[in-house]
Structure formats: structure tokens, C-alpha cells
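A short worksheet on the structure shown next.
Structure below.
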């Protein structure tokens, strides 16, 4: 009878050499995310530093005139951020009610069959490239709004904040509705049962119990939506225009941070001019702004999840 | 299989003494194709505590949820037969569940206060049903309800605090106060103490005994001791049928059915 | 007997219930309406460009204008001009002759050159050459423009000339294959999407090659190997934040690092692909982690139980089971990259490029950028072509998404 011996000591097989290598490859791969962030911060910040050595920070942050191409260029950030916020507000005014009500419908009212129709619909909208929405905004919505304005005697700029904002709002609807749908579904059924057992109707339960309970999650969905709207480029490039008007009139033409980043970089020009570098300063501002919004949103959502865990 | 229910004694004393509040006749409940309650008939007396006992999955909670039509919220659920509240069939087409549930309150297994202040939790039902004349009236109703739920002394200084910040037992009494506030006639309790510690349980049981002066209380419990302590009428459910019903003392001391006896002596369940 | 019928107050509450419900439904309906309007608007705009008026000219390949030894130097435009004049013998004034020439696309001469180059024996013979009408004439015939001139000037003379051609049976309306087979052009009737298709293909190939291995490796590390540590938290926070950084910022990164620091060729699919890879990396990591997480621990334990090493259990058992989920997430990520425009503008993939790219370092554009470029052009014919480009883009995206859904339904396992 032969005995098979089981050698339990560490044999120096091939895998003892390969496994550490594979492990460090995976570690390296996951470090790419950190590297990307670092790359963004370092590259954009260093170009911005060069910009700010030519243009003082306060005249950038508080300047009310943006005229990078004039003989005496001025780089005032205020008209850009005001235009960005104006369009963001219009977008949110469209997306917030539609997004939340769609989410309520899907989470509370829709039969499984209706849900099977509505959910892909929103995913379809979410999948439409923004360049397509920009085309639609510039060539269909804007002329339509202009014609409507002419009917009632209003002069509306052909590149109005309203057209860009409305279409951007539709772009954000799927984001708000899918995040809100998640948080509404996370509200425990016991909460609804408690309300129904009191004799509340379904809409009373939704408005007075479910939505208040889901409120922090919905707030974070809003914050993420704002961040998305501020960073959106194509819709505003195509539909909002380049005019740096300091205006909060939704019928006027305004410009945004992303539009100007694009305008400063498209076309052939020397890479060292203040005009080109200003794109990086705008990019840095945009990055910091959206980062702050995202961090806040993630924190709110985490607290919300802990609350119901 | 016979769905015949045994009465212990033939006419339970509590049913003879008190007016009948809820009378169920030949009730069947289905979840899709699956039958959860079979041919159930029972009379539930007013101003008394009736306990539903039985092993888990026996249908006691399902039947409880049929009494205030909470099963309506489950799309696949279907109820046949008749459940009458003071003689009115609650499954009649003319019945508005909103009105019905205002008169039949419910307390759940896990305390489920709304994510609002203590005051707003109690005021919720009063507001939606428009029961308070003005703000003073609303405050009076909230105060009274909290007092009747014996929670007032513990929370009177922090009515604006979140209801979810209370202890489990306090939360459950808050839910009872919430149910009382709309002045129902019946209070259904679905294992109200199963998530609570013994001390909190004792307080709730004490409260139940107080409340039966004014309400018809139906309690589902998996604790036979609890049924024996708080109830006047005990109904034993098994596999979707009502096996035996009678005065609590009689059912626990002298059960007529072998299955009841096996359950209360701990042979299964 | 108690009365449970609705009180007046409850009737009011029930009415507000119905109203609220209707409002919620109309929110979804509004979204659906928007989509329907968007797509049908695009389709209607696209229809005119799907067909093109093609003219057949019979002409003499004049040996005086083309030398058999130097075909490339031949004056084919002149031959076509002569043929056009021959179609309208009663037109003699020079300005009017010029107007006639403008009705025909210059690609007729290019087609002629191609034919003659392929078969030099045609020189001296009479042959028939096909080619499109110029875009303005084409748009006029389709009723897109009131006048043959895009500026709306009087064009009765041109209109009569076109009517004459049509009556003579020289015009046919054909499917515009050139829209798919040509590169970009300044003339609408010659402009096609092939360059943009190839640019997108190269770009997405780079994106996939870079992002998929990196993404899966990172997901494996984070989900299967990393211990709870500061480092892991740092990486996770980074990934979550990167997922929400505006895409234009990735373009700035690409411009500053890949183009300016590393000196990679500007406007090339190589740089575009790298930028989009960084952009979709968080998406792929998040989807891959979810796929790995859905593999139950019992599989890992079973592998470890028969003596597999930790890595063996992951690579032999867990990863293969997670592949469908990873692929689904990857396809969705790539579909997103395919529709991205803003980062590509930053790295200069936005120039007018007539040549179809053949290498990843060639200057190129991509499908969504082509949409952007064409949308800015004034001609009505380009507007319609933009709609076609958009529909082409949407169809590609639809195919990607359908593939992802098919994969998910086909291989998804419920544990």
C-alpha cells in the first residue's frame, strides 16, 4: 500500500511569485482614480496659478466684466457664474417637480406594468447625449420660444437662457427621478402602513409621511442635479451663447462657465496667453464648485442611509 | 377538513355580557391563489380585549388586517365573506376605507412613529380627518391622547422632539396615542410587544387593560402568557382556520380541542 | 348601523387624491411627450437628407482636357461644364451659364475622374457620369427652400432649368449612400459620416482597452482583496467624486497632461480615447464591484474549502460568475463615452477634417462632435444632415444598450 504524503509546508510554487505581482497590479489599477484626481488638481491648478499671476484673484472673482478678447482684457467671473446659476435655476424649476412627481408615480402608484414602461422611458432620456439635446434646444426650442414671445410682444434673444434652461431641465429629470425613486423606496413600508391605518389617503401618506421621510435623500438628489447642471457643457454651448451679459432675465442671452472654457480653448492660439489660461482658472473653479456640492450630497445621503439602516 | 369552530363554553360569557362589535361570517382571504384564511366566523365583543393566538403563519395577523382593510394595500389579496362592524359590512362597495380606518385604529408589531415631532405624530390623524376645531382644541386632543396612552408625563417637556428619538416602549405608546387621537371605536394590535423588553411590555399590557373601558381591542400575540394576562376572549388559529374560541379562562384551563391543548401546553408552535 | 360612506370632507380628500395621482401621471406623460417630440422632430428633419437628387450627364471625355499619361492633372471640371452647357443649348450668356454650373455638385467631376483613372481607355469616348445636384438645388427640389439660392434671392431661371432636367428624366431621387460612405466636406451634398464613424470607433476602442482592464482590476482589489484601511477609503472617496466631476474637466486634464505634457498628437483618437477612459473608469469600477458583490460568499468559501488560494478562488470562481454583470456595466459606460462631446472639444477633436482617419494618431473627429460641427453650419441641408447624424448616433447607442439589456437578462443569475 502506498501512502500519499501531504506536504503542508510552504512549497515554493509558481503562484507564490505571481500572486504578489497580480496583487500589486490590482492595487496600482485602483490607484488610477487617485492619480486622475491628482492629475486634475495639479494640471488645472498649475495652469490656473500661471493665470492668477497675470490676473489678480480678486479681479477674477469679483469682476463684473468678462472681455478676454478686448485690447485691455478683463476677466470678471461674476457674469459667467450669474449666467450659469440662472440657467441652473431654470433647469431645476423644470426638473425638480417633474423628477419628483415621476419618482412618486413610479414608487407609489405605478402598477408593475406601468413601471416596466416608465422606467425604460426615463433611462432612454438619460441616455440621450447632451449634444443632441443642445441641437434640439438651439434649433427647435429657442425659435419656438422666440416665436411665442413675438406673439405676446416680447423680444426674446435667439439664444435665451430660457431655452437652454428648459432643455437642461429635461436632461436632469432622469437623475432626480431615479435618485428620488431609490430614496422613496427606501422609506420603510411600516411608515406607510402606520399612515394608512390612521385613515390617510395615499396622497396624504405620500405628501405628509413618505416625502418628509425621504426628504434628506431628495435634497441630495437636488444637490447632485445642481452640480450636473453647472458642469453641463453642450446644451449651453449650443443654445446659450457667448454674450457675457450680467443679467438675471431668463429671456436674455447669457453665457456660462463651461461655454467660456470651450470658447477660450477652441481655435488656434498660443497656449500661454492669459485668455487660454483663463479656461483653466474657470475649470478649477468649476471643479471646486462641483466637488463641494458632491461631497455635501454624498454626506447627506450617507446620513440618510444610516438613519434607516 | 372541517372548518367548524369550537366554542368554549358554547356561548362564551364575555360575548353574552357585552354587545358584539365585529361579527365575521364565512371569511376567506386569498393571496393570489393561496388561501390564507378559510371559512372563518367569529364575534368580537365591545369594551373587551380579544386575543388571537396561534403558531406563526396561522393567519391571525392576516385576519386582523382584514378588519380595517389594511390588506387592500396588497394587490394580490382578496377577501370574501362578510365582516360586519356594528352590523355594517365593511367590504360593502359603499364603504370608504378612509372613513373605516378612522374608526378602527391599528398598532403594529414594530413601533412605526412618523419622522416628525412627538406632537405632530399624535396630531397627524386629527389633522387629516379635520377633527380639531382650532389650535387650542388640537393641543387638547394631543395632550389627552398622550395622557390616555400614559406617555404624557414622560414627553410633556419635549413635544417638539422627534418621535423616533424615544425608546422602543415609548414609541409604541406614542403609536397607541396616535391611534387614540382620532377617537376610534376599535383598536387592532398586531403583536404590539414583540419588539419590546419585559418592562416596556408590562406597561403596554397595563395600558391595554385601561383602554378596554372605552374601546374594543383586538390583539394578536404569539405569547400565550400575554393572552392569558390581558384578554377576555381568546381565539386559537391554526393553518388558516379558527380552531377554538372562548372566554380566556376557559380556553386556557379547559380547552375542548386537542390542537388547542397541544399548543397551549407547548407541544408545537 | 354605522355609516362608512364618504363624508363631504372625505369626498374632498378623495378628490384631491385623484388630482395628485393625475399630476404624478402627467409628470411621466410629460417626459414621454418630450421624448416623442424630440425623436419625431429629428426624424422629420432627417427625412429630406436620406435621399438625394442624382443627375446623369452624358459627356465626351475630351482628350484635349485629359492627358492619358497625366490623368490627375486633367481638367475634369471643364468637361463637366461643357456637358452642362450642352444640356441647355439656348443659354448663352456667361452669368447664366455660371448659374447653371452652380446647380451641380463638384463631385460629378470627381466621379468622372475616378472612372477615367480606373479605365483610361474612356478618354475620347462619350460616357454617362452620375453625381448629385448641388445642395441648394437639391433642397429646393425637395421643397426645403423656397428659392434655389440659400439667401432667398430670385431664382426663377434656376427653377426653370431644374424643371427642364426633371422633365427630361435626367434626375432620379436615390438613397444618399454618400452620407455613410463619405468623409466630411464643406459642401453638404458631399458631406458624410464615415470619418466620424471611424473616429468614434478608434476612440471607443482605446477607451475600452484602457478602461476595462483598469476598471476590473481596481474593482477586484477594492471588493475582494483590500482590507478596511485609510488607503481603501481614500480610493473609494476618489472614485465616488470622480463619477460626478463634469466631463469638460476631464477634457482640460487631457489637454494639459496628454497633449501638452506627454506631447501626444492633438485631435487624435488616441488622446480622445484616453480621456474618455478616465471619464468612464469610475462607472466601470462601480458596476464591476456591484457584479462581484452579487456573487454569494458561499462560492468563495467552497473554493477556499478545497484548498484554493485567495487569488485562485477569486480568479477561478468569483470573477467568471461576475463577467456578465461587469460586461453590462462596461457597455453602458462605453455607450456614455460614445455620446460625450465636451471633453473631445477640449483636446481639439473639433476641427474640420475631410480625410477619414486610418490610425489612432491621425487627426479625427467623432460622431457627437460631428453633430456639433454640422449644427453650427448655416445651410438647411446641413441642418437636415445633423439630424441624420444624430439618428445614427442614437441608433448606435440603442444597439449598445440593447446589447447590455440582453446580456443582463440572458446571464443574470439570482442567488
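Protein chains in written order, with this note's numbering: chain A, 22 to 330; chain B, 1217 to 1485; chain C, 2 to 416.
The beta carbon of each residue, even a glycine, is placed where N, CA and C say it ideally should be.
Strand pairing of residue i, partner residues [DSSP]
i                       : result
residue 133 of chain C  : C/55
residue 87 of chain A   : A/96
residue 1243 of chain B : B/1256
residue 71 of chain C   : C/68
residue 1403 of chain B : B/1321, B/1433
residue 1251 of chain B : B/1246
residue 1224 of chain B : B/1462
residue 60 of chain C   : C/128
residue 1266 of chain B : B/1434, B/1449
residue 1236 of chain B : B/1261
Helix, strand or coil at residue i [DSSP, three-state]
i                       : result
residue 1305 of chain B : strand
residue 44 of chain A   : helix
residue 364 of chain C  : coil
residue 1483 of chain B : coil
residue 1293 of chain B : strand
residue 1432 of chain B : strand
residue 172 of chain C  : strand
residue 1438 of chain B : coil
residue 155 of chain C  : coil
residue 37 of chain A   : helix
residue 1298 of chain B : strand
residue 311 of chain C  : helix
residue 1463 of chain B : strand
residue 357 of chain C  : coil
residue 240 of chain A  : helix
residue 1261 of chain B : strand
residue 5 of chain C    : coil
Residue-level contact to chain B via CB, residue i, 8 Å cutoff
i                      : result
residue 321 of chain C : no
residue 214 of chain A : yes
residue 5 of chain C   : yes
residue 8 of chain C   : yes
residue 19 of chain C  : no
residue 284 of chain C : no
Contact under 8 Å by Cβ, residue i with residue j
i                       : j                       : result
residue 113 of chain C  : residue 157 of chain A  : no
residue 296 of chain A  : residue 91 of chain A   : no
residue 1348 of chain B : residue 1334 of chain B : no
residue 1260 of chain B : residue 1279 of chain B : no
residue 181 of chain C  : residue 194 of chain C  : yes
residue 276 of chain A  : residue 260 of chain A  : no
residue 196 of chain C  : residue 185 of chain C  : yes
residue 1224 of chain B : residue 1443 of chain B : no
Any C-beta of chain A under 8 Å from that of residue i
i                       : result
residue 1318 of chain B : yes
residue 1487 of chain B : With chain B represented from 1217 up to 1485, any question about residue 1487 of chain B goes unanswered, as that position is not in the structure.
residue 1398 of chain B : yes
residue 1217 of chain B : For residue 1217 of chain B, the pLDDT reaches just 48, beneath the cut-off of 50, and the residue's location in the model is therefore unreliable, leaving the point undetermined.
residue 150 of chain C  : no
residue 215 of chain C  : yes
residue 340 of chain C  : yes
Any C-beta of chain C under 8 Å from that of residue i
i                       : result
residue 1312 of chain B : yes
residue 281 of chain A  : no
residue 1315 of chain B : yes
residue 123 of chain A  : yes
residue 52 of chain A   : yes
residue 1346 of chain B : yes
residue 1453 of chain B : no
Quiz item: Do the region 230-240 of chain A and the region 96-106 of chain A make contact, defined as three or more Cβ pairs closer than 8 Å?
Solution: No, because fewer than three Cβ pairs between the region 230-240 of chain A and the region 96-106 of chain A fall closer than 8 Å, the two stretches do not touch.
Exercise. Could you tell me whether the region 131-144 of chain C touches the region 106-122 of chain C, where touching means 3 or more Cβ pairs closer than 8 Å?
Key: Contact holds: three or more Cβ-Cβ distances are below 8 Å.
Practice problem: Inspect the CB distances between the region 254-268 of chain C and the region 298-310 of chain C and report whether three or more fall short of 8 Å. | Solution: no
Quiz item: Between the region 1324-1343 of chain B and the region 1381-1390 of chain B, do at least 3 Cβ pairs fall closer than 8 Å?
Solution: yes
Quiz item: Hey, is the region 1273-1293 of chain B in contact with the region 170-182 of chain A, meaning 3+ C-beta pairs nearer than 8 Å?
Solution: no
Quiz item: Is the region 53-65 of chain C in contact with the region 163-177 of chain A, if contact means three or more CB pairs nearer than 8 Å?
Solution: no
Quiz item: Counting Cβ pairs, one atom from each stretch, are 3 or more of them under 8 Å apart for the region 350-365 of chain C and the region 304-321 of chain C?
Solution: No: fewer than three Cβ pairs fall under 8 Å.
Practice problem: Report yes or no: do the region 288-296 of chain C and the region 389-397 of chain C share at least 3 C-beta pairs separated by less than 8 Å? | Solution: No, the region 288-296 of chain C is not in contact with the region 389-397 of chain C.
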